[in-house]
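S.K.: Below is one structure. I have some questions about it.
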Amino acid sequence: MAHALIIGGGIAGPVTAMALQRAGITATVHEAYPEGAVEEAGSFLALFANGLAALRTLGCLGPVEEASSAADTIESYSDTGVRLGRQALAGSWDEGLGVRTLPRAVLCRTLRAEAVRRGIPFRYGKRLTGTAVRPDGTITASFADGTHAEGDFLVGADGIHSRTRVLLDPAAPPPRHTGQFTVCGATRHTGHPAPPRTYRMHYGRRAFFGCTTTPGGVTYWFANIPGADLPRDVLAAVTADEWRRRVTEAFAEDAVPAAAIVAATGDEITGLNGYDIPTTRVWHDAHHVLAGDAAHATAPNAAQGASMAIEDGVVLARCLRDLPGPRQAFAAYERLRRERVEKVVAMSAAMARREPLGPGERRARDAEVARRMAGDPRRDTEWLTGYRVDWDAPVR
Ligand SMILES: Cc1cc2nc3c(=O)[nH]c(=O)nc-3n(C[C@H](O)[C@H](O)[C@H](O)COP(=O)(O)OP(=O)(O)OC[C@H]3O[C@@H](n4cnc5c(N)ncnc54)[C@H](O)[C@@H]3O)c2cc1C
């Protein structure tokens, strides 16, 4: 039986390991950080019907549903506080999947726990540094702690700053900065909760704010605000107070409840540089293949990165199940995935607006949002959230 080395225990890593197991391939997941490392406070994810359906294919939708809360409606507001529309959330009409919200760390923990329950081994504190291929095709991964692991092929699920991507293509350009920060937080103390099962979106003059409130009374919020690319150590040193100040300032001219919600949030605030990768030249060779953000990081604006990472794992396993060897399987996987994921990256990048809008542009934007929200949501999003991976269909 073939054995896969999976690098990265975020989202693509555990999902790919479970999908490979379903395809009859064993895997060990190697994660750079220690087990239980603390993740960004207040950081959360929305999973759409396409990602949820892919989890269902692997039989691990249940644990994710238990760990998350459901939304099925979206409301949009202008910078003047006028409601532009209310609509079923993309995918919520279909199979009862809706949209699920949960802290990013909880999603990782839930997927890891489910993979471990299925007997998949995880190795923590294993930061990939390099690989070597022996004449018999065995691949050896080297880790920063001086240890090694061997397998038949290696899946780089090591995120946006992927080491595997650079090993495959040393000239690969670094991720592109979108010109925005995404600041997110969680609070139980706001006087402005979103209505039940609803995402409330506010189009400001210079920035975008969204929030949802769980049945347990936690309001998760995010703000996409303009900002320059900060080096990692500078970013890590920005305090919750400083993020509160920046978000409040970004919506100072708008009738948006951002300032009140942010003021009611304690230390559970994280700000991140917005990055994406519009295209990755090399997705694989005969021994290595990329999955998730390592292959196609999308700006957070469209909230699709995790769902895309989950789809990747299931499609990659189908290819390895049906084709004679990794080389053919990786080529088929790229063929099945590249166009779709690059379309999502482009859509998300277009949502990351950098310049403030003038009064005429804001009126046009409001009219466009109102028009879209009065229409059938399927018309614009069926290609995205209506996508289903057919596990049983053979890959040729
Ligand atoms: C602010 C923000 C908000 C977002 N909101 C959403 C959302 O609402 N919905 C959505 O679908 N997506 C969202 N995303 C995107 C989503 O988080 C990513 O697309 C998703 O996490 C990708 O999963 P991944 O497994 O490919 O990468 P990651 O989740 O980044 O996991 C990569 C793993 O690899 C490990 N690793 C890295 N380097 C090495 C190495 N050298 N050796 C070993 N291990 C290594 C890392 O420690 C990490 O655990 C958001 C992203 C951001 C930044």
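In this text, residue positions in the sequence shown follow the numbering used here: the first is 15, and each later residue adds one.
Where is the CB? At the ideal position from N, CA and C, for every residue including glycine.
Quick check: is any heavy atom of ligand 1 less than 6 Å from the C-beta of GLN194?
M.R.: For the purposes of this step, residue 194 is taken as the residue at position 180 of the sequence shown. No, ligand 1 has no heavy atom inside 6 Å of this Cβ.
S.K.: Can you tell me which of the three DSSP states VAL29 falls into?
M.R.: Start at 1 with the first residue of the sequence shown, and residue 29 comes out as number 15. Three-state DSSP puts VAL29 in a helix.
S.K.: Assign GLY38 to one of two classes, buried (16 or more other C-beta atoms within 10 Å of its C-beta) or exposed (fewer than that).
M.R.: Counting from 1 along the sequence shown, the entry for residue 38 is found at position 24. GLY38 is exposed by the Cβ-count criterion.
S.K.: Indicate, with yes or no, if ligand 1 has a heavy atom lying under 6 Å from the CB of SER83.
M.R.: Against the sequence shown, residue 83 aligns to sequence position 69. Flag unset: Cβ of SER83 not near ligand 1.
S.K.: What did DSSP end up calling GLY65 once you bin it into helix, strand or coil?
M.R.: Against the sequence shown, residue 65 aligns to sequence position 51. Reduced to three states, the DSSP call for GLY65 is helix.
S.K.: Find out if the Cβ-Cβ distance for the pair GLY288, THR196 is shorter than 7 Å.
M.R.: Here residue 288 refers to the residue found at position 274 when the sequence shown is read from its first residue. Here residue 196 refers to the residue found at position 182 when the sequence shown is read from its first residue. Yes; because the gap between Cβ atoms is below 7 Å, this pair is in contact.
S.K.: Please report the distance separating the alpha-carbon of ILE174 from that of ALA308.
M.R.: Within the sequence shown, numbered from 1, the residue matching residue 174 stands at position 160. Within the sequence shown, numbered from 1, the residue matching residue 308 stands at position 294. Their backbone Cα atoms lie some 5 Å apart in a straight line.
S.K.: How about MET387 and GLY99: are their beta carbons less than 7 Å apart?
M.R.: The residue labelled residue 387 in the question sits at position 373 within the sequence shown. The residue labelled residue 99 in the question sits at position 85 within the sequence shown. In contact: MET387 and GLY99 (Cβ atoms closer than 7 Å).
S.K.: Flag this pair as yes or no: are the beta carbons of ASN64 and THR399 separated by less than 7 Å?
M.R.: Taking the sequence shown and counting its residues from 1, one reaches residue 64 at position 50. Taking the sequence shown and counting its residues from 1, one reaches residue 399 at position 385. Against a cut-off of 7 Å, the Cβ pair of THR399 and ASN64 comes out as a contact.
S.K.: Round the Cβ separation of ALA155 and ARG295 to the nearest angstrom and send it over; I've been treating them as touching at under 8 Å.
M.R.: Against the sequence shown, residue 155 aligns to sequence position 141. Against the sequence shown, residue 295 aligns to sequence position 281. That pair is no contact at about 22 Å.
S.K.: Is it right to say ARG219 is buried, meaning 16 or more other beta carbons lie within 10 angstroms of its own, or is it exposed?
M.R.: As a working mapping, residue 219 is identified with position 205 in the sequence shown. ARG219 should be labelled buried.
S.K.: For ALA277, which residues from the same chain have a beta carbon less than 8 Å from its beta carbon, with the 5 sequence-adjacent residues on both sides left out?
M.R.: For the purposes of this step, residue 277 is taken as the residue at position 263 of the sequence shown. Hits under 8 Å: ARG258 and THR262.
S.K.: Does the distance between the C-beta of SER362 and the nearest non-hydrogen atom of ligand 1 fall short of 6 Å?
M.R.: Within the sequence shown, the letter at position 348 stands for residue 362. Incorrect: SER362 has no Cβ contact closer than 6 Å to ligand 1.
S.K.: So, helix, strand or coil for ARG367, using DSSP?
M.R.: The residue given as residue 367 occupies position 353 in the sequence shown. Here ARG367 sits in coil by DSSP.
S.K.: Should LEU304 and ARG179 be called a contact, given that it needs their Cβ atoms to be closer than 7 Å?
M.R.: Taking the sequence shown and counting its residues from 1, the one referred to as residue 304 is at position 290. Taking the sequence shown and counting its residues from 1, the one referred to as residue 179 is at position 165. In this structure, ARG179 lies closer than 7 Å to LEU304 by Cβ.
S.K.: Taking all protein chains shown into account, do 16 or more other C-beta atoms lie within 10 angstroms of the C-beta of PRO271, making it buried, or fewer, making it exposed?
M.R.: For this step, residue 271 is matched to residue 257 along the sequence shown. With 16 or more Cβ atoms within 10 Å of its Cβ, PRO271 is classed as buried.
S.K.: Going by DSSP, what residue range makes up the beta strand (DSSP E) through PRO391?
M.R.: As a first step, residue 391 is located in the sequence shown; it is residue number 377 there, counting from the start. Note, PRO391: premise wrong, no beta strand (DSSP E); alpha helix (DSSP H) at 391 to 399.
S.K.: Do LEU116 and ligand 1 come close, with the Cβ less than 6 Å from some heavy atom?
M.R.: Residue 116 sits at position 102 when you count from the first residue of the sequence shown. Outside the cutoff, so no.
S.K.: Kindly indicate which residue of GLY205, THR40 and ASP172 has the alpha-carbon position closest to the one of VAL130.
M.R.: Residue 130 sits at position 116 when you count from the first residue of the sequence shown. Of the listed residues, the one whose Cα sits closest to VAL130 is THR40.
S.K.: What first and last residue would you give for the alpha helix (DSSP H) that runs through MET411?
M.R.: The displayed coordinates of the chain run from 15 to 410. Any statement about residue 411 would go beyond what the structure contains.
S.K.: What are the uninterrupted segments assigned as beta strand (DSSP E) that are 3 or more residues long and contained completely in the region 59 to 120, given in chain order?
M.R.: The qualifying runs are 83 to 85, 87 to 91, 97 to 102 and 113 to 117.
S.K.: Looking only at its own chain, which residues have a Cβ that is under 7 Å from the Cβ of THR192, when we skip the five neighbours before and after it?
M.R.: Numbered from its first residue, the sequence shown carries residue 192 at position 178. Taken in chain order, the residues that qualify are GLY288, TYR289, ASP290, ALA313, ALA363 and ALA366.
S.K.: Candidates LEU249, PHE265 and VAL252: which alpha carbon is nearest ALA274's?
M.R.: Position 260 of the sequence shown, counted from the start, is the residue given in the question as residue 274. Looking at the Cα atoms, PHE265 is the closest of the given residues.
S.K.: What's the gap between the Cα of ALA242 and the Cα of GLN194?
M.R.: Against the sequence shown, residue 242 aligns to sequence position 228. Against the sequence shown, residue 194 aligns to sequence position 180. Rounded to whole angstroms, ALA242 to GLN194 spans 7 Å at the Cα level.
S.K.: Check whether the Cβ of LEU142 lies closer than 6 Å to any heavy atom of ligand 1, and answer yes or no.
M.R.: Position 128 of the sequence shown, counted from the start, is the residue given in the question as residue 142. Result yes, Cβ under 6 Å from ligand 1.
S.K.: Taking buried to mean at least 16 other C-beta atoms within 10 Å of its own C-beta, is PRO207 buried or exposed?
M.R.: Looking up residue 207 in the sequence shown gives position 193. Answer is buried; the Cβ neighbour count reaches 16.
S.K.: Let me check one thing: in DSSP terms, what residues is VAL303 bridge-paired to?
M.R.: For the purposes of this step, residue 303 is taken as the residue at position 289 of the sequence shown. VAL303 is bridged to VAL169 and HIS298.
S.K.: According to DSSP, is VAL270 helix, strand or coil?
M.R.: For the purposes of this step, residue 270 is identified with residue 256 of the sequence shown, where counting begins at 1. VAL270 falls in the coil class under three-state DSSP.
S.K.: How would you call GLU382, buried or exposed, if buried means at least 16 neighbouring beta carbons within 10 angstroms?
M.R.: By 1-based counting over the sequence shown, the position of residue 382 is 368. Classification of GLU382: exposed, given that the 10 Å Cβ count is below 16.
S.K.: Would you kindly report the start and end of the unbroken alpha helix (DSSP H) that includes ARG177?
M.R.: For the purposes of this step, residue 177 is identified with residue 163 of the sequence shown, where counting begins at 1. Segment 177 to 182, the alpha helix (DSSP H) holding ARG177.
S.K.: Return the residue from the list PHE136, GLU356, TRP297 and ASP150 that minimises the CA-CA distance to ILE20.
M.R.: Within the sequence shown, the letter at position 6 stands for residue 20. Nearest C-alpha to ILE20: PHE136.
S.K.: Residues in the same chain with beta-carbon distance under 7 Å from SER321, minus the five sequence neighbours each way, listed in chain order, please.
M.R.: Sequence index remark: in the sequence shown, residue 321 carries index 307 (1-based). Only LEU61, PHE62, ASN64 and GLY65 meet the Cβ criterion.
S.K.: For ALA163, write down the residues that DSSP places opposite it in a beta bridge.
M.R.: Here residue 163 refers to the residue found at position 149 when the sequence shown is read from its first residue. Bridge partners of ALA163: ALA155.
S.K.: May I ask you to report which of helix, strand or coil DSSP gives HIS310?
M.R.: The residue given as residue 310 occupies position 296 in the sequence shown. Helix at HIS310.
S.K.: Just mark MET215 as buried or exposed, buried being the case when its beta carbon has 16 or more other beta carbons within 10 Å.
M.R.: The sequence position of residue 215 within the sequence shown is 201, counting from 1. So MET215 ends up on the buried side.
S.K.: Indicate, with yes or no, if ligand 1 has a heavy atom lying under 6 Å from the CB of GLU45.
M.R.: Translated into the one-based positions of the sequence shown, residue 45 becomes position 31. Flag set: Cβ of GLU45 near ligand 1.
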